[in-house]
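S.K.: Counting with this note's numbering, you get residues 109 to 493 for the letters of the sequence shown. Quick reminder that beta carbons are idealized off the backbone N, C-alpha and C, glycines included.
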Amino acid sequence: MRAHVDTEAVVALTSALVAVDTQNPPGNERPISDAVHDALARWRPVWTEVEPEPGRLSLVAELPHPDGPGDRPTLIVNGHLDVVPVIRDAWTYEPFAPTVEGGRLYGRGSADMKGGIAAAVCALDVLERAGRVPACNLVFHLVADEEVGGHVGTRALLERGLIKGDACLVPEPTSMQLCVAERGLLQGYVTVHGRPGHGSRPKEAVSAIEHAARLVVGLHGAEFGEGEHPLLGRPTCNIGTIQGGNGLNVIAETCRFGVDRRVLPGATAEGSEAELRTRIDSLGVEGLRYEFDLKVFGEASELPAGDAFLDHVRRSIVAATGEQPDVVGMSFTTDARFVRNGAGVPAVVCGPGDVAQTHAVDEWVSIDRLIDATAAYAELYAAFS
Ligand SMILES: [Zn+2]
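#1: Under a Cβ-count criterion, where at least 16 other Cβ atoms within 10 Å of its own Cβ denotes burial, should residue 374 be classed as buried or exposed?
#2: Specify, as a first and last residue, the run of the beta strand (DSSP E) that residue 188 falls within.
#3: What does DSSP give as the partner residues of residue 398 in its beta bridges?
#4: Would you check if the stretch 318 to 332 and the stretch 252 to 265 touch, i.e. whether three or more CB-CB distances between them fall below 8 Å?
#5: Using CA coordinates, which residue listed in 283, 359 and 380 is at the minimum distance from residue 343?
#6: Going along the chain, which residues of its own chain have a beta-carbon closer than 6 Å to the beta-carbon of residue 387, five neighbours each way excluded?
#7: Give me, in chain order, the residues of the same chain whose beta-carbon lies closer than 6 Å to that of residue 353; leave out the 5 immediate sequence neighbours on both sides.
#8: Would you mind stating whether residue 281 and residue 231 have Cβ atoms separated by less than 8 Å?
#9: Measuring CA to CA, which of 245, 346 and 408 is closest to residue 169?
#10: Using only alpha-carbon positions, find the residue among 226, 150 and 242 that is nearest to residue 175.
#11: Alpha carbon to alpha carbon, how far is residue 385 from residue 376? Give it in angstroms, no decimals.
#12: Is residue 442 a contact residue of ligand 1, with contact defined as CB to any heavy atom under 7 Å?
#13: Per DSSP, what are the beta-bridge partners of residue 455 in this structure?
#14: Grab me the residues of residue 211's own chain with a C-beta within less than 7 Å of its C-beta, minus the 5 sequence neighbours each way, in chain order.
#15: Is there contact here, the stretch 150 to 158 with the stretch 396 to 415, by at least three beta-carbon pairs under 8 Å?
#16: What residue range does the alpha helix (DSSP H) around residue 417 cover?
#17: Out of 122, 367 and 431, which one is the CA nearest neighbour of residue 403?
#18: I need the straight-line Cα distance from residue 122 to residue 324, nearest angstrom please.
#19: Just list the beta strand (DSSP E) runs in the stretch 467 to 493, keeping only unbroken ones of 3 residues or longer that don't cross its boundaries, in chain order.
#20: Let me check understanding here. Comparing Cα to Cα, which of 135, 493, 468 and 478 lies closest to residue 196?
#21: When you get a sec, list the residues whose CB is within less than 5 Å of any heavy atom of ligand 1, chain order please.
#22: Since I believe residue 445 is in contact with residue 454 (beta carbons under 8 Å), could you give me their beta-carbon distance rounded to a whole number of angstroms?
#23: Could you give the DSSP three-state label for residue 285: helix, strand or coil?
#24: Rounded to whole angstroms, how far is the Cβ of residue 291 from the Cβ of residue 371, which I believe are closer than 8 Å?
#25: Looking at residue 184: is its Cβ nearer than 8 Å to the Cβ of residue 276?
#26: Do you know offhand how far residue 164's Cα is from residue 139's?
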């Protein structure tokens with residue numbers, strides 16, 4: 109298949125997608141609709157638009173099979189159209205005017221994950237040039253909002269019953285390694301209350317800052333005593349923000365800090381919050397008064413052990429590149445969780461971008477890797493039956 113990859117076409121499509129500014133927040137995927145329609149138009153898909161909020165567009169494209177309807181499995185390709193915001197002054201390259209230089213394509217979203225989407229689309233042309241047809245039915249989910257939790261993107265598709273398939277490829281950046289598990293997250297704020305008093309007599313009141321400091325030391329980087337996942341390691345805890353106090357000469361009445369827990373498959377919002385509270389209680393801070401305000405919970409997910417789809421993707425990569433990919437876990441979450449946990453569809457995350465480039469200044473994707481991905485996805489479409 110590699111010989112049939114049109115490198116210029118993959119680079120051109122990646123560039124066309126990167127050129128549309130879809131920074132999230134604020135989130136505005138509607139303007140990329142034309143580029144997505146143009147990319148798939150030749151395959152005459154049946155389009156479904158989902159726009160839960162104005163401008164927050166996700167597209168489902170069902171491709172009719174060249175041999176007509178038939179009894180084949182359905183493969184979903186799920187890719188997000190939004191990108192993380194750019195700090196423009198920090199960039200050497202223009203984030204939304206893609207540049208090709210030294211075997212790389214620079215631009216926001218090139219690695220995460222417009223390059224992966226372009227490869228998945230161009231794989232259709234590769235298959236045609238090779239004189240082959242897909243062994244499966246193909247559906248593209250090109251979605252909004254992944255970068256801030258996917259609520260008006262893949263989750264909206266799930267809620268509308270639109271995630272229907274036998275397997276799902278998510279071409280997020282993995283350097284073409286096979287990611288089969290990802291950690292979940294629990295994020296929220298702990299607000300500690302003290303009893304204010306005069307700053308000249310610190311022992312005569314209760315400092316919220318002193319209590320919070322003891323909690324921060326006890327939580328940041330701490331092991332909560334849970335088990336270890338073979339690919340995901342142990343859960344982690346980061347204290348990402350802190351604010352407190354009312355003035356230099358006042359014993360602090362309140363102090364608030366932000367908790368970022370990464371959790372393993374099976375963890376629930378309630379269970380994870382309870383573990384946090386148990387950990388806080390175990391620190392033995394006398395007279396402690398606090399509350400926890402949960403902001404985000406995203407569940408962890410994993411491909412069931414022994415699922416046959418993993419071997420399909422692995423064989424496709426080996427056939428396209430001659431390289432044996434590693435099976436890995438991810439320390440962060442993707443929309444694969446909605447597909448795996450919500451829709452019960454096995455999903456493998458595997459794409460051409462390098463995870464080190466995600467959200468980075470001067471983000472780039474390797475053009476060689478784009479070619480690898482395009483060829484590997486063509487192999488997968490030809491073989492998944
Ligand atoms: Zn991504």
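M.R.: The relevant details are as follows:
#1: Counting from 1 along the sequence shown, the entry for residue 374 is found at position 266. Around the beta carbon of residue 374, fewer than 16 other beta carbons lie within 10 angstroms, which makes this residue exposed.
#2: Here the question's residue 188 lines up with position 80 in the sequence shown. For residue 188, the enclosing beta strand (DSSP E) has its first and last residue at 182 to 188.
#3: Locating residue 398 in the sequence shown gives position 290, counting from the first residue. Answer is 300.
#4: No, the stretch 252 to 265 is not in contact with the stretch 318 to 332.
#5: Locating residue 343 in the sequence shown gives position 235, counting from the first residue. Among 283, 359 and 380, the Cα nearest to that of residue 343 is on 380.
#6: Residue numbering aside, residue 387 sits at position 279 when the sequence shown is read from its first letter. Correct list, in chain order: 332.
#7: Counted from its first residue, the sequence shown places residue 353 at position 245. Taken in chain order, the residues that qualify are 317 and 360.
#8: Looking up residue 281 in the sequence shown gives position 173. Looking up residue 231 in the sequence shown gives position 123. Cβ distance not < 8 Å, so residue 281 and residue 231 don't count as in contact.
#9: The residue given as residue 169 occupies position 61 in the sequence shown. For the residues 245, 346 and 408, the minimum Cα distance to residue 169 belongs to 245.
#10: As a first step, residue 175 is located in the sequence shown; it is residue number 67 there, counting from the start. When C-alpha distances from residue 175 are compared across 226, 150 and 242, the shortest belongs to 242.
#11: Position 268 of the sequence shown, counted from the first residue, corresponds to residue 376. Position 277 of the sequence shown, counted from the first residue, corresponds to residue 385. Cα to Cα, residue 376 sits roughly 14 Å from residue 385.
#12: On the sequence shown, position 334 is the one that residue 442 refers to. Checking every heavy atom of ligand 1 against the Cβ of residue 442, one is found closer than 7 Å.
#13: The sequence position of residue 455 within the sequence shown is 347, counting from 1. Beta bridge pairing from DSSP links residue 455 with 276.
#14: The residue you call residue 211 lines up with position 103 of the sequence shown. 474, 475 and 476, listed in sequence order.
#15: Flag = no, the stretch 150 to 158 and the stretch 396 to 415 do not touch.
#16: Against the sequence shown, residue 417 aligns to sequence position 309. Note, residue 417: alpha helix (DSSP H), 416 to 429.
#17: Taking the sequence shown and counting its residues from 1, one reaches residue 403 at position 295. The residue with the shortest Cα to Cα distance from residue 403 is 367.
#18: Stepping through the sequence shown from its first residue, residue 122 is reached at position 14. Stepping through the sequence shown from its first residue, residue 324 is reached at position 216. Near 43 Å, if we compare the C-alpha coordinates of residue 324 and residue 122.
#19: Here the runs fully enclosed are 472 to 474.
#20: As a position in the sequence shown, residue 196 is number 88, starting the count at 1. Residue 196 has its Cα closest to that of 468, out of 135, 493, 468 and 478.
#21: Residues flagged by the Cβ proximity filter: 220, 221 and 280.
#22: For the purposes of this step, residue 454 is taken as the residue at position 346 of the sequence shown. For the purposes of this step, residue 445 is taken as the residue at position 337 of the sequence shown. About 13 Å separates the beta carbon of residue 454 from that of residue 445, a gap too long to meet the 8 Å contact definition.
#23: For the purposes of this step, residue 285 is taken as residue 177 along the sequence shown, with counting starting at 1. It is coil, neither helix nor strand.
#24: Numbered from its first residue, the sequence shown carries residue 291 at position 183. Numbered from its first residue, the sequence shown carries residue 371 at position 263. Between residue 371 and residue 291 the Cβ distance is about 6 Å, and since that is below 8 Å, they are a contact.
#25: Looking up residue 184 in the sequence shown gives position 76. Looking up residue 276 in the sequence shown gives position 168. Yes, they are a contact pair.
#26: Looking up residue 164 in the sequence shown gives position 56. Looking up residue 139 in the sequence shown gives position 31. In this model, residue 164 and residue 139 are separated by some 10 Å (Cα to Cα).
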